[in-house]
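Read top to bottom, the protein sequences are chains H and E.
The numbers in numbering that gives the first Met the number 0 rise by one with no breaks, and the one at position 193 of the first sequence is 192.
The numbers in numbering that gives the first Met the number 0 rise by one with no breaks, and the one at position 196 of the second sequence is 195.
Ideal placement from N, C-alpha and C gives every residue a C-beta, glycine not left out.
Please read all numbers here as calculations on a predicted model, not as lab measurements.
Number of protein chains: 2
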Amino acid sequence: MKYTVGVDLGGTKVLAAIVNEHQEVVTTTKLKTAFDEGPQAVARQMAHGVRKAVADATLDFSDIVAIGAAAPGPTDRATGIVANAPNLGWHDPVPLGAMLTELLDGLPVIIENDVNAGTYGEWALGAGRGAQDVVGIFIGTGIGGGLILDGKLRSGARSAAGEIGHIIMLPDGPVCGCGNRGCVEALSSRKAIEREIAHAIQSGRPSKVTDLMGKKNKTRLTSGILADAWASGDPVVTEVLQRAARYWGLLTANIVNLIDPQRIIFGGGVMEKLGDTLLSQVRPVAYQHFIKKSDADQVAIVPAALGDNAGVLGAALLAHLAPPN
Amino acid sequence: MKYTVGVDLGGTKVLAAIVNEHQEVVTTTKLKTAFDEGPQAVARQMAHGVRKAVADATLDFSDIVAIGAAAPGPTDRATGIVANAPNLGWHDPVPLGAMLTELLDGLPVIIENDVNAGTYGEWALGAGRGAQDVVGIFIGTGIGGGLILDGKLRSGARSAAGEIGHIIMLPDGPVCGCGNRGCVEALSSRKAIEREIAHAIQSGRPSKVTDLMGKKNKTRLTSGILADAWASGDPVVTEVLQRAARYWGLLTANIVNLIDPQRIIFGGGVMEKLGDTLLSQVRPVAYQHFIKKSDADQVAIVPAALGDNAGVLGAALLAHLAPPN
């Protein structure tokens with residue numbers, strides 16, 4: 000049996016998972032960790048996570064044929080380089096693939112962007128199973144995504160495909176972290192939602208958010224607080240989330256009208272907390288804007304199924320496609 | 000040698016072309032024709048165009064192995080049905096594939112949307128040669144397009160891919176022919192450009208367009224008049240076209256950030272008349288909005304090369320992929 004290990008580099012933790020060649024999950028492992036020591040230390044933590052997963056699964060390291068690593072930034076599969084990863088403080092390219100290969104006894108390492116890996120994981124093991132064409136949209140601090148077309152992860156000609164959060168939907172809209180204006184991320188990420196709610200409260204509109212943050216002793220508007228305020232019908236939160244859901248619906252329609260996939264999967268922190276009720280607002284907007292309406296119901300708009308594990312499982316599965324060293 | 004015939008159904012003419020199995024163009028033929036007699040008559044005209052092309056090429060009809068037909072509306076390749084074709088007055092589905100097969104001695108017929116076929120033609124024989132991932136954007140009365148991904152025309156899960164003109168770029172913008180608001184077609188097709196110029200003139204702004212239309216005895220703002228007014232630096236036309244070019248640049252960036260193709264081809268009537276100068280306005284806007292900028296110059300933004308023949312040649316080439324009857 001051939002095993003691969005996936006390792007996903009989050010902001011505060013390393014996840015690792017092992018899958019076998021039948022796409023079965025053997026084990027998943029989590030390491031809490033701090034990332035303030037630079038790429039070399041991070042690579043060591045990831046390698047440690049990989050070896051821990053192998054031990055947890057009571058496998059021998061020689062059973063492993065390849066590693067798949069997911070990183071929160073633009074990656075180049077051909078070179079194994081992560082161009083940058085702002086959440087980790089990486090502003091220059093990091094040859095993560097080569098670093099991990101060296102730390103892991105020369106095993107081949109596939110490097111993939113975390114949301115691409117997450118889309119792949121959802122496609123193979125989660126909400127995308129059985130479809131050939133799937134789009135993943137992950138709503139969190141930012142908005143990311145990935146495309147599976149004809150049963151393959153689309154990396155694009157320059158390894159730059161799937162930048163779903165930076166589709167411009169309001170050319171003179173708010174400035175995005177990327178420098179452009181009116182990206183869907185600038186309009187409807189958790190950060191954008193937080194900003195709009197804060198503005199509303201600062202300008203004097205009453206909202207339960209203030210109370211909830213005090214009670215839970217939070218300085219940040221977490222997805223959990225958002226969910227509670229939404230459930231209680233708070234008018235500010237309702238208005239802001241409905242506007243965001245409208246953008247996600249229009250985004251979905253734009254993607255469907257361009258590439259016509261079979262399934263759209265919504266994941267990420269905001270969706271995990273608010274998925275069902277929010278998706279029920281996204282769907283009608285999306286379907287209304289499909290150009291081909293006669294069979295619109297063939298396009299499913301569904302919540303993600305794997306939560307935090309989507310990326311690491313996707314990475315582990317992608318490693319099965321790695322060329323042997 | 001295996002030959003196929005392409006036939007493209009325009010608003011006022013039928014084009015037909017023959018290509019051989021080496022993707023060489025044997026002949027192209029044009030028939031001026033009127034289409035006010037319904038689908039049956041149109042199908043007969045198309046069949047006539049096919050037989051005329053075969054005769055023009057001094058081939059025998061038995062040399063032809065398949066037909067590719069391009070139609071101005073949504074098509075379903077599996078069934079050979081054209082869902083509708085507003086320009087031809089077809090508001091109900093027409094089984095054009097079956098009709099042509101019957102008129103053409105039982106030959107297999109592939110039906111494809113005209114801009115998809117045009118993108119395929121440009122990819123195989125025109126401005127897209129040598130690339131694996133190409134997006135065609137055709138700016139005319141409307142805006143249409145097509146995608147070649149990994150060397151294949153993308154039809155999509157529901158034969159609905161490539162509706163580039165209906166990407167929403169201004170959610171509360173002007174109403175589009177499709178019923179949605181703020182589609183790029185509603186913002187920057189020739190019809191939209193015409194509408195904005197007419198509004199400016201009606202509200203009293205001086206423009207050379209009025210003179211040019213009088214001199215050329217035209218009641219409609221043709222692409223030729225637009226080109227003359229633009230060349231003369233007319234302020235109204237300059238402003239409206241620059242705004243349109245900005246939308247095409249943003250549209251390009253949206254497509255590139257989503258699917259990361261190698262080449263974007265701009266064609267259609269407006270581009271044919273104004274291509275070089277307009278494209279030089281589109282490119283900087285597009286490149287500025289690419290998320291991955293380090294190798295942005297690897298994505299070429301180029302004018303179409305085949306003019307009116309793109310669709311018919313694409314249809315003829317697609318017919319080589321037809322399953323034998």
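Annotation: Glu20(E) to Leu124(E) spans about 13 Å, alpha carbon to alpha carbon. At a cut-off of 8 Å, the C-beta of Arg242(H) has no neighbouring C-beta in chain E.
The beta carbon of Leu99(H) sits closer than 7 Å to the beta carbons of Ala42, Met45, Ala46, Ile66, Ala68, Val108 from its chain, once the five residues preceding and following it are set aside; these are given in chain order.
Ile138(E) and Ile264(E) have their alpha carbons spaced roughly 11 Å apart. For Gln297(E), the C-beta contacts it makes with chain H under 9 Å involve Ala156, Arg157, in order along the chain.
Look at Arg262(H) here: in three-state DSSP terms it is strand. Residue nearest to Asn115(H) within the set Glu162(H), Asp259(H), Phe60(H) is Glu162(H) (criterion: CA-CA distance). Just measuring C-alpha positions, the residue of Lys291(E), Cys175(E), Val281(E) sitting nearest Ser188(E) is Cys175(E). Here the region 223 to 232 of chain H makes contact with the region 268 to 285 of chain H; the two share three or more CB pairs at distances below 8 Å. Boundaries of the beta strand (DSSP E) around Leu14(E): 12 to 19. Between Ala52(E) and Thr11(E), the C-beta spacing is not below 8 Å. With a cutoff of 8 Å on beta-carbon distance, Ala126(H) and Gln261(H) are scored as not near each other. Residue contact check for His165(H) against chain E: a CB pair falls below 8 Å.
Separation of Gly48(E) and Gly266(E) (C-alpha to C-alpha, rounded to the nearest whole angstrom) is 24 Å. In chain order, Gly155, Ala156 make up the part of chain E whose C-beta sits under 9 Å from the C-beta of Asp132(H). Relative to Gly37(E), the option among Asp59(E), Leu146(E), Leu95(E) whose CA is nearest is Leu95(E).
Interface with chain H (8 Å Cβ-Cβ cutoff): Pro170(E) is included. Below the 7 Å Cβ cutoff, chain H contributes Pro73, Arg157, Ala159 as neighbours of Lys291(E), in chain order. With its beta carbon less than 8 Å from one in chain H, Ile254(E) belongs to the interface. DSSP assignment within the region 81 to 165 of chain E yields the following whole beta strand (DSSP E) runs of 3 residues or more, N-terminal first: 108 to 112, 133 to 138, 142 to 148. By the rule that beta-carbons nearer than 8 Å mark a contact, Ile258(H) touches chain E.
Rounded to whole angstroms, Val284(H) and Ala244(H) show a C-alpha spacing of 8 Å. Around the beta-carbon of Asn308(E), 16 or more other beta-carbon atoms lie within 10 Å, marking it buried. Of the other Cβ atoms in all chains shown, 16 or more fall within 10 Å of the Cβ of Met168(H); this residue is therefore buried. For Leu30(E), the uninterrupted beta strand (DSSP E) run begins and ends at 24 to 31, by DSSP. With fewer than 16 other Cβ atoms from the protein chains shown falling within 10 Å of its own Cβ, His90(E) counts as exposed.
Along the length of the region 166 to 241 of chain H, whole alpha helix (DSSP H) runs at least 4 residues long occupy 183 to 187, 189 to 201, 207 to 214, 222 to 230, reported in chain order. Under the three-state reduction of DSSP, Gly5(H) is assigned to strand. Not one beta carbon of chain E lies nearer than 8 Å to the beta carbon of His198(H). Excluding its 5 nearest sequence neighbours in each direction, Ser206(E) has C-beta neighbours in its own chain below 8 Å: Ile196, Ala199, Ile200, Ala228, Asp233, Pro234, Val235, Val236, listed in chain order. Under the three-state reduction of DSSP, Pro302(H) is assigned to strand. For Gly310(H), the closest alpha carbon among the candidates Phe60(H), Thr57(H), Ile136(H), Asp35(H) is that of Ile136(H).
Cβ contact annotation for Gly248(H) (same chain, cutoff 6 Å, sequence separation greater than five): Val281, Val284, Ala285, in chain order. Per DSSP, the continuous alpha helix (DSSP H) segment holding Gly48(E) begins and ends at 38 to 55. One finds Arg157 in chain E with Cβ atoms closer than 7 Å to the Cβ of Asp294(H), taken in chain order. Sequence-distant Cβ neighbours of Gly172(E) in its own chain, meaning closer than 7 Å and more than five residues away, are Arg180, Gly181, Ala185, Leu186.
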